[in-house]
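If you read the sequence shown in full-length UniProt numbering, its first letter stands for residue 1, the second for the next number, and so on.
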Amino acid sequence: MPGWSTRRVAGQVNRSECAVRNCWEQWTREGTQAWKTGSGATRNTTRREDRSIVRQALVDPTVTRSTIRAGVGVAIVPQTISRHLAQANLKSKRPFRALPLTPRHRQLRLQLCQARSMWNVTDWQNVVFSDESRFVLGTDDSRVRVWRRPGERYHSPHTLLRHTARTAGVMVWKVIAYDSRSTLIVMRGTLMGQHYIDDILRPHVRTFPKWSPRGNFPAR
Numbered sequence: 001m002p003g004w005s006t007r008r009v010a011g012q013v014n015r016s017e018c019a020v021r022n023c024w025e026q027w028t029r030e031g032t033q034a035w036k037t038g039s040g041a042t043r044n045t046t047r048r049e050d051r052s053i054v055r056q057a058l059v060d061p062t063v064t065r066s067t068i069r070a071g072v073g074v075a076i077v078p079q080t081i082s083r084h085l086a087q088a089n090l091k092s093k094r095p096f097r098a099l100p101l102t103p104r105h106r107q108l109r110l111q112l113c114q115a116r117s118m119w120n121v122t123d124w125q126n127v128v129f130s131d132e133s134r135f136v137l138g139t140d141d142s143r144v145r146v147w148r149r150p151g152e153r154y155h156s157p158h159t160l161l162r163h164t165a166r167t168a169g170v171m172v173w174k175v176i177a178y179d180s181r182s183t184l185i186v187m188r189g190t191l192m193g194q195h196y197i198d199d200i201l202r203p204h205v206r207t208f209p210k211w212s213p214r215g216n217f218p219a220r
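Here it is as structure tokens:
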């Protein structure tokens, strides 16, 4: 169509921008867009091998391209594997990191959300949220990737449970409210109940600007 960009045409006909440009150059040069015999890249894999590539990623979302190539048994470059997986709508993504929750944990969290499903802005203005995060000082599995389709981020095969065992690291804590937040607090030692009250809640939450006029904070 007149005025269309190369990118728009490529998206409309499901071809690369390079292919569209080559077609246009051939048309302006020769007056034809006929596909020449023997042009284009040759297939390096059979249909059966293509299905094997996709099947391996579906069975084990964390499988690497090197492992897939070994399973197929043919000499193919990693880009070819990625292209075949992309055609099956499988992209390499970082796994969602989830806490190892028991069914009881999930039930309590669901009840917490349901009990507050009708809250308005005024209700939430009386609540503070706190959380802590540990930065591990050592090896980590952050390089793990998973092959997944859109909308599958939270599916079990594509999640990675957080490491909760005691390891060398630095833990930080912070609190946020509707329109304010605290400073980042570096936590020393193991966080136990009384330690959390004496060293975190009393000196930091009670003096949080949101609650300082009253000197306390809601029990919600």
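Each residue gets a CB set at the ideal place from its N, CA and C atoms; glycine is no exception.
Query, Result
"Could you work out which residue in VAL172, TYR178, LEU112 is closest to THR122 when comparing CA atoms only?", "TYR178"
"Buried or exposed for ARG188, going by 16 or more other Cβ atoms inside 10 Å?", "exposed"
"Please say whether PRO61 and TRP147 have beta carbons closer to each other than 8 Å?", "yes"
"With a cut-off of 8 Å, do at least 3 Cβ pairs link the stretch 51-65 to the stretch 83-95?", "yes"
"Which same chain residues end up closer than 7 Å to VAL172 when comparing Cβ atoms and leaving out the 5 residues on each side of it in sequence?", "GLU132, SER133, LEU184, ILE185, VAL186, MET187"
"Buried or exposed for PRO203, please, with buried defined as at least 16 other CB atoms from any protein chain shown within 10 angstroms of its CB.", "exposed"
"Could you have a look at LEU85 and say whether DSSP puts it in helix, strand or coil?", "helix"
"Using 8 Å as the Cβ pair cut-off and three pairs as the minimum, do the stretch 109-127 and the stretch 149-164 touch?", "no"
"Report the rounded CA-to-CA distance for ALA70 versus ALA57, giving the unit in angstroms.", "13 Å"
"Going by beta-carbon coordinates alone, are ILE197 and PHE129 separated by less than 8 Å?", "no"
"If you reduce the DSSP assignment to three classes, tell me which class GLY169 lands in.", "strand"
"Tell me residue 226's beta-bridge partners as DSSP assigns them.", "As shown, the chain starts at 1 and ends at 220. That puts residue 226 outside it, with no answer to give."
"What residues in its chain sit with their C-beta under 8 Å from that of PHE96, if we drop five residues either side in the sequence?", "ARG153, TYR154, HIS158, THR159, LEU160"
"With DSSP run on the structure shown, which of helix, strand or coil describes TRP124?", "helix"
"Flag this pair as yes or no: are the beta carbons of ILE76 and ASN120 separated by less than 8 Å?", "no"
"What residues match up with ILE53 in a beta bridge as DSSP calls it?", "Answer is none; ILE53 lacks a bridge partner."
"So, is ARG109 buried or exposed, given that buried needs 16 or more other C-beta atoms within 10 angstroms?", "exposed"
"DSSP state of THR159, grouped into three classes?", "strand"
"Whole angstroms are fine: how far does the CA of ARG21 sit from the CA of THR46?", "29 Å"
"Can you have a look at VAL170 and say buried or exposed, based on whether 16 or more other CB atoms are within 10 angstroms of its CB?", "exposed"
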